[in-house]
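Visitor: My questions will all concern the structure given below.
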């Protein structure tokens with residue numbers, strides 16, 4: 001296990017949506033150069049947890065540390081500026097904008113023209129085009145086309161391409177292989193490993209324990225807004241972990257009690 | 001019976017508080033001007049008319065649409081009632097005016113649902129088109145009722161007085177009762193709220209959402225038309241601007257009464273109370289001798305405060321918005 | 001091949017529809033009015049009306065682009081006109097115009113802050129401010145109208161602000177052209193424009209990319225208020241007087257022009273040239289009815305039908321262009 005200070009440290013995190021208690025006293029550490037699988041059933045709180053990390057939700061209680069510093073304000077802009085890139089399932093692309101415009105949304109490159117900060121279209125087209133081609137976009141799709149016309153896999157490619165391109169420290173992937181073909185899925189998983197080998201922290205969210213067990217160094221299991229397991233993939237087999245999920249944490253409590 | 005049911009659902013709560021607050025303030029600052037027979041009668045009469053329109057608007061808003069054309073429909077129905085009376089007689093003119101209103105509602109619903117267009121655009125178009133028909137039809141001239149139509153028993157029933165109060169108030173109460181039953185106690189009502197609250201879920205459960213919304217639009221136009229007829233039965237003289245800007249007052253009343261534009265929630269009683277608030281402001285300002293235009297400013301302020309208040313209330317109740 | 005090229009063109013340029021419509025109407029009006037419509041004087045009048053309505057429409061289009069709506073612009077227009085005339089006579093037209101614009105910015109900020117802070121539907125908030133400022137305008141003028149004496153209408157700054165004509169066209173029109181150019185660049189070529197459209201396309205996605213959704217919306221409301229008040233200024237300059245009812249129903253015309261111009265009310269897809277063309281079509285139709293002696297009452301009737309059929313046509317065209 002990694003001994004240095006964790007890149008992301010979450011302490012006793014609580015989150016309420018009105019009457020709904022979405023996260024209950026969650027504490028977990030993430031280290032650089034690690035690929036962590038975040039596993040749990042639908043509604044377990046995985047997506048909510050990472051939405052705190054990427055600044056969409058502000059926690060009701062608890063602390064989040066990034067690189068040793070306490071995070072006080074939560075906003076996607078700050079998270080992105082810190083180098084936390086998130087590939088989310090449902091959000092991230094605006095249907096009405098072109099691929100190039102989506103690629104740089106929020107951090108558009110500008111070129112000064114007569115003192116006016118205008119978009120640097122040449123750069124936007126060139127970069128996004130080059131990156132996205134690697135991720136299997138049809139040849140007849142141009143970076144000027146609206147995202148609306150892309151397939152599910154192609155949309156995912158744009159998001160992953162975007163995450164890879166900008167020099168990030170953390171890449172969070174929320175169900176990255178949904179709606180993808182088998183080959184695209186392999187490709188995405190390979191990319192996740194590549195990112196880890198480059199020294200990035202990769203948090204990989206899925207409900208498929210077997211898929212992520214092959215990739216991850218560590219598995220964190222969530223259930224009902226709580227963390228119920230946090231184990232290295234070396235010490236626990238996929239089958240054992242699946243049993244934990246099936247038992248919904250009871251097995252862990254039993255083991256702890258012993 | 002309807003009162004507690006709709007109140008317990010929360011949506012009309014703000015309006016009840018609003019009315020209580022408003023009445024006490026008016027009583028304190030201007031007791032003599034406010035509590036006169038003249039003011040109270042006028043307020044009740046015009047609040048009833050606006051209440052009729054606001055109830056229809058509330059139904060449409062609950063189905064997550066909006067109807068901007070009610071002011072024009074109100075005007076057209078009233079003008080049709082007066083203009084067609086010489087040819088069709090009083091009952092015939094009423095039926096014709098209501099049919100025209102229903103037809104407008106139906107056409108707008110078709111454009112919204114079959115054309116998959118936002119109701120705001122369609123009914124904005126309806127607002128213009130119907131107002132245009134009014135201008136073209138009347139040519140800007142003023143028409144009035146002949147004496148025998150004015151004394152016809154139906155006219156008197158619609159626009160006269162009953163038990164010393166304007167008949168419009170009784171019509172409002174009857175329709176409020178009927179519509180409340182329709183909304184809270186029938187399958188249609190359930191479908192309407194479902195279509196407004198979560199369209200896809202309603203569809204997946206086999207609710208014919210298009211038909212439900214169409215009915216809501218038709219009821220809304222019918223109520224606006226009926227309100228126009230009631231107005232002119234009482235004061236039978238037409239003018240082309242009849243009902244102009246009334247759509248704003250009706251939406252304001254419905255929103256003050258707790259209808260959320262996010263659909264699926266609202267209160268008919270609240271809409272009626274909202275209408276009472278809007279109309280009371282107008283008459284209190286007149287009683288205070290303020291220029292009548294301040295009325296609009298006040299309604300605007302009340303509208304904004306009410307919508308924010310109701311939104312907060314709904315959030316506090318744990319509704320997701 | 002040609003067909004797919006056309007589809008691509010239509011997809012990228014929502015204003016194609018309105019462009020075709022405008023050209024057809026211009027042709028039709030020219031051919032059927034025996035020179036009464038297509039003459040320099042009449043075209044000048046149309047362009048003057050287009051200038052004020054168009055500036056207002058540009059602002060509304062931006063707000064629609066963020067997925068909100070501003071129906072208070074008619075009142076902002078009126079307030080702008082009144083403030084301008086009041087101060088133009090007493091102090092100086094330029095100063096007065098700046099004050100009017102400032103008031104417009106304040107009204108826009110009022111709308112924008114309420115909408116973004118309370119997360120209330122903008123339709124209701126701006127409906128409220130429509131009534132608030134209309135009531136204020138009528139109350140402030142107290143039924144009177146403000147006017148500028150004729151001798152003061154020749155000043156340079158007064159003329160530049162829509163008070164006179166230049167090359168046969170009211171100076172207001174040049175302001176519209178300038179406004180369109182500036183906003184077009186801002187919308188299409190700056191980060192602000194990219195984010196504005198992103199917010200309208202999917203506020204959640206834009207937010208997740210670090211876009212400050214609320215600031216963008218607020219800025220759109222402010223620009224809208226500024227443009228509406230400035231349009232009021234130009235109109236007041238042109239007429240030389242203003243009363244409390246100025247700008248009545250203009251909010252509806254501005255929304256109609258946006259819809260005509262291919263702006264999608266759900267947000268994210270707007271066309272500024274389209275919106276201006278929409279304003280041009282509306283003022284052309286109005287003028288055509290006048291010069292051919294049709295009762296002007298028909299205009300409002302046609303306006304309604306135009307709005308609905310424009311929306312319908314626009315949707316059909318877009319669906320067609322998306323089909324492979």
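Residue numbers (the UniProt record's numbering), protein chains in the order written: chain S, 1 to 258; chain V, 1 to 321; chain G, 1 to 324.
Beta carbons: idealized from backbone N, C-alpha and C, even for Gly.
For residue 37 (chain V), which option in V:298, V:184, V:287, V:59 has the closest C-alpha, if you only look at C-alpha atoms?
Guide: By 1-based counting over the second chain, the position of residue 37 (chain V) is 37. When each option's Cα is compared against that of residue 37 (chain V), the closest is V:287.
Visitor: Measuring alpha carbon to alpha carbon, tell me which residue in V:214, V:104, V:196, V:246 is nearest residue 266 (chain V).
Guide: Locating residue 266 (chain V) in the second chain gives position 266, where the first residue counts as 1. Cα-wise, what sits closest to residue 266 (chain V) is V:196.
Visitor: From the DSSP output, read off the bridge partner residues of residue 21 (chain S).
Guide: The residue you call residue 21 (chain S) lines up with position 21 of the first chain. In DSSP, residue 21 (chain S) forms a bridge with S:16.
Visitor: Please go through the same chain and pick out, in chain order, the residues whose beta-carbon is closer than 6 Å to the beta-carbon of residue 236 (chain S), but skip the five residues on each side of it.
Guide: Position 236 of the first chain, counted from the first residue, corresponds to residue 236 (chain S). Around residue 236 (chain S): no qualifying Cβ.
Visitor: Check the DSSP bridge columns for residue 230 (chain S) and list the partner residues they point to.
Guide: Residue numbering aside, residue 230 (chain S) sits at position 230 when the first chain is read from its first letter. According to DSSP, which records beta bridges pairwise, residue 230 (chain S) is partnered with S:220.
Visitor: Verify whether the separation of the beta carbon atoms of residue 131 (chain S) and residue 106 (chain S) is less than 7 Å.
Guide: For this step, residue 131 (chain S) is matched to residue 131 along the first chain. For this step, residue 106 (chain S) is matched to residue 106 along the first chain. In this structure, residue 106 (chain S) does not lie closer than 7 Å to residue 131 (chain S) by Cβ.
Visitor: Taking CB distances under 7 Å as the criterion, tell me whether residue 285 (chain V) reaches chain G.
Guide: Position 285 of the second chain, counting from 1, holds the residue named residue 285 (chain V). It does not: the Cβ of residue 285 (chain V) has no partner Cβ on chain G nearer than 7 Å.
Visitor: Taking residue 64 (chain S) and residue 13 (chain S) to be in contact with their CB atoms under 8 Å, please state how far apart those CB atoms are, rounded to whole angstroms.
Guide: One-based indexing of the first chain puts residue 64 (chain S) at position 64. One-based indexing of the first chain puts residue 13 (chain S) at position 13. Contact flag correct, Cβ pair sits at about 7 Å.
Visitor: I'd like to know whether the C-beta of residue 120 (chain S) is nearer than 7 Å to at least one C-beta of chain G.
Guide: By one-based count along the first chain, residue 120 (chain S) stands at place 120. Taking Cβ atoms only, chain G never reaches closer than 7 Å to residue 120 (chain S), which makes this a no.
Visitor: Do residue 82 (chain V) and residue 232 (chain V) count as a contact pair if the criterion is CB distance below 7 Å?
Guide: The sequence position of residue 232 (chain V) within the second chain is 232, counting from 1. The sequence position of residue 82 (chain V) within the second chain is 82, counting from 1. For residue 232 (chain V) and residue 82 (chain V), yes; Cβs fall inside 7 Å.
Visitor: Tell me whether the region 112-119 of chain S and the region 184-199 of chain G touch, counting them as touching only if at least three CB pairs, one residue from each stretch, are closer than 8 Å.
Guide: Judged by Cβ distances under 8 Å, the region 112-119 of chain S makes contact with the region 184-199 of chain G, as three or more pairs qualify.
Visitor: In its own chain, which residues sit with a C-beta less than 7 Å from the C-beta of residue 2 (chain S), not counting the 5 before and 5 after it?
Guide: The residue you call residue 2 (chain S) lines up with position 2 of the first chain. Low confidence applies to residue 2 (chain S): its pLDDT is 47, below 50, so where it sits in the model is not reliable, and the reading given next is rough at best. The answer, listed in chain order, is 31, 34.
Visitor: Go ahead and pull the three-state DSSP assignment for residue 2 (chain S).
Guide: Position 2 of the first chain holds residue 2 (chain S). At residue 2 (chain S), the pLDDT of 47 sits below 50, so the modelled position is not reliable and the matter cannot be decided from this model.
Visitor: Does any C-beta atom of chain S lie closer than 7 Å to the C-beta of residue 121 (chain G)?
Guide: Taking the first residue of the third chain as 1, we reach residue 121 (chain G) at position 121. False, the Cβ-Cβ gap to chain S never drops below 7 Å.
Visitor: With DSSP run on the structure shown, which of helix, strand or coil describes residue 143 (chain V)?
Guide: On the second chain, position 143 is the one that residue 143 (chain V) refers to. Residue 143 (chain V) falls in the coil class under three-state DSSP.
Visitor: Taking 7 Å as the threshold (C-beta atoms), are residue 279 (chain G) and residue 14 (chain G) in contact?
Guide: Within the third chain, numbered from 1, the residue matching residue 14 (chain G) stands at position 14. Within the third chain, numbered from 1, the residue matching residue 279 (chain G) stands at position 279. The answer is no: Cβ separation not under 7 Å.
Visitor: Could you tell me which chain C residues have their CB closer than 8 Å to the CB of residue 101 (chain G), listed as they occur along the chain?
Guide: Of the chains in the structure shown, none is chain C; the protein chains are S, V and G.
Visitor: Is residue 224 (chain V) near residue 256 (chain V), with beta carbons less than 7 Å apart?
Guide: Walking along the second chain from the start, residue 224 (chain V) turns up at place 224. Walking along the second chain from the start, residue 256 (chain V) turns up at place 256. No, the pair does not count as a contact, with Cβ atoms beyond the cut-off.
Visitor: Taking all protein chains shown into account, decide if residue 183 (chain V) is buried (16 or more other Cβ within 10 angstroms of its Cβ) or exposed.
Guide: Your numbering for residue 183 (chain V) matches position 183 in the second chain. The residue in question, residue 183 (chain V), is buried, as its Cβ has 16 or more Cβ neighbours within 10 Å.
Visitor: Would you kindly report the start and end of the unbroken beta strand (DSSP E) that includes residue 36 (chain S)?
Guide: For the purposes of this step, residue 36 (chain S) is identified with residue 36 of the first chain, where counting begins at 1. Segment 35-39, the beta strand (DSSP E) holding residue 36 (chain S).
Visitor: Taking the continuous beta strand (DSSP E) assigned at residue 62 (chain S), which residues delimit it?
Guide: Along the first chain, read from residue 1 onward, the residue named residue 62 (chain S) stands at position 62. From DSSP, the beta strand (DSSP E) with residue 62 (chain S) extends over 61-66.
Visitor: List, from N- to C-terminal side, the alpha helix (DSSP H) runs of 4 residues or more that fit wholly inside the region 180-237 of chain V.
Guide: Fully enclosed alpha helix (DSSP H) runs of 4 or longer: 187-197, 199-204, 209-234.
Visitor: Suppose the cutoff is 6 Å on Cβ atoms and the five residues either side in sequence are ignored; what does the same chain contact list for residue 126 (chain G) look like?
Guide: Against the third chain, residue 126 (chain G) aligns to sequence position 126. Answer for residue 126 (chain G): 70, 71, 72, 111, listed in chain order.
Visitor: I think residue 48 (chain V) touches residue 168 (chain V), with their Cβ atoms under 8 Å apart; what is that distance to the nearest whole Å?
Guide: For this step, residue 48 (chain V) is matched to residue 48 along the second chain. For this step, residue 168 (chain V) is matched to residue 168 along the second chain. Their Cβ separation, rounded to whole angstroms, is 4 Å, which keeps residue 48 (chain V) and residue 168 (chain V) in contact under 8 Å.
Visitor: State the Cα-Cα distance for the pair residue 217 (chain G) and residue 121 (chain G), rounded to the nearest angstrom.
Guide: If you number the third chain from 1, residue 217 (chain G) lands on position 217. If you number the third chain from 1, residue 121 (chain G) lands on position 121. Answer to the nearest angstrom: the Cα atoms are 13 Å apart.
Visitor: Quick check: the Cα distance between residue 8 (chain S) and residue 198 (chain S), rounded to an integer number of angstroms?
Guide: Within the first chain, residue 8 (chain S) is the residue found at index 8, counting from 1. Within the first chain, residue 198 (chain S) is the residue found at index 198, counting from 1. Each residue's alpha carbon lies about 17 Å from the other.
Visitor: Suppose you measure from the CA of residue 120 (chain V) to the CA of residue 240 (chain G); what does that come to, to the nearest Å?
Guide: Indexing the second chain from 1 puts residue 120 (chain V) at position 120. Indexing the third chain from 1 puts residue 240 (chain G) at position 240. Approximately 35 Å, taken between the alpha carbons.
Visitor: For residue 96 (chain G) versus residue 222 (chain G), is the C-beta spacing smaller than 7 Å?
Guide: Mapped onto the third chain, residue 96 (chain G) falls at position 96. Mapped onto the third chain, residue 222 (chain G) falls at position 222. Against a cut-off of 7 Å, the Cβ pair of residue 222 (chain G) and residue 96 (chain G) comes out as no contact.
Visitor: Checking the sheet assignment: what are the DSSP bridge partners for residue 114 (chain G)?
Guide: Within the third chain, residue 114 (chain G) is the residue found at index 114, counting from 1. Per DSSP, none; premise fails for residue 114 (chain G).
Visitor: Would you say residue 304 (chain G) faces chain V, with C-beta separation under 7 Å as the test?
Guide: Locating residue 304 (chain G) in the third chain gives position 304, counting from the first residue. True, the Cβ-Cβ gap to chain V drops below 7 Å.
Visitor: Check distances from the C-beta atoms of the region 69-96 of chain S to those of chain G and list, in chain order, the residues that come in under 9 Å.
Guide: Residues passing the 9 Å Cβ filter: 75, 76, 77, 78, 79, 80, 81, 86, 88, 90, 91, 92, 93, 94, 95, 96.
Visitor: Tell me whether the region 78-86 of chain G and the region 205-219 of chain G touch, counting them as touching only if at least three CB pairs, one residue from each stretch, are closer than 8 Å.
Guide: No contact exists between the region 78-86 of chain G and the region 205-219 of chain G.
Visitor: Taking 7 Å as the CB-CB limit, is residue 106 (chain S) close to chain G?
Guide: Translated into positions along the first chain, residue 106 (chain S) becomes position 106. It does; some Cβ of chain G falls within 7 Å.
Visitor: Mapping DSSP to helix, strand and coil, what is residue 194 (chain G)?
Guide: For the purposes of this step, residue 194 (chain G) is identified with residue 194 of the third chain, where counting begins at 1. Looking at residue 194 (chain G) - three-state DSSP - the assignment turns out to be helix.
Visitor: Could you tell me the distance, in whole angstroms, from the CA atom of residue 158 (chain V) to the CA atom of residue 95 (chain V)?
Guide: Here residue 158 (chain V) is taken as the residue at index 158 of the second chain, counted from 1. Here residue 95 (chain V) is taken as the residue at index 95 of the second chain, counted from 1. Distance between the alpha carbons of residue 158 (chain V) and residue 95 (chain V): 13 Å.
Visitor: So, for residue 38 (chain G): in the same chain, excluding its five sequence neighbours on each side, which residues have a beta-carbon less than 6 Å away from its beta-carbon?
Guide: Counting from 1 along the third chain, the entry for residue 38 (chain G) is found at position 38. Cβ within range, chain order: 30.
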